[in-house]
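Working notes, beginning with the structure itself.
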Amino acid sequence: MFSLIGTVIVGLVVGLIARAIKPGDDKLGLIMTSILGIAGSFIASFVGEKMGWYPPGAPAGWIASVVGAIVLLVIYGMVSKK
9 MFSLIGTVIV GLVVGLIARA IKPGDDKLGL IMTSILGIAG SFIASFVGEK
59 MGWYPPGAPA GWIASVVGAI VLLVIYGMVS KK
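For the sequence shown, our numbering gives the first residue as 9, with consecutive numbering after it.
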């Protein structure tokens, strides 16, 4: 349970960091940025666990979470462009 809470808290901050690092003008609000950060943190945890970097149930580290959130921001930018 604490790993889930830790992932959410890290994800909120990571979304803001990822948005500051990624170049370009993303027209996202604070809530969507936070959701993408949380999703990036969950994806980083999942991939890290499957690759043996993290033990089962452990939250991802800051760098992996930021990379996961940036990947999601790039994918979101490609999907949302018309």
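The C-beta atom is built at its ideal place from N, Cα and C for all residues, glycine as well.
Sequence-distant residues of its chain with Cβ nearer than 6 angstroms to residue i (five each side left out)
i	result
I78	A26, K30
Residue j beta carbon less than 8 angstroms from that of residue i
i	j	result
L20	I39	no
G85	G32	yes
Burial state of residue i (16 or more Cβ within 10 Å)
i	result
S88	exposed
G65	exposed
G23	buried
L80	buried
A28	exposed
G60	exposed
Other residues of its chain near residue i: CB distance less than 7 angstroms, five sequence neighbours each side excluded
i	result
S73	V18, G19, V22, G48, S49, A52
T41	G23, L24, R27
V16	I46
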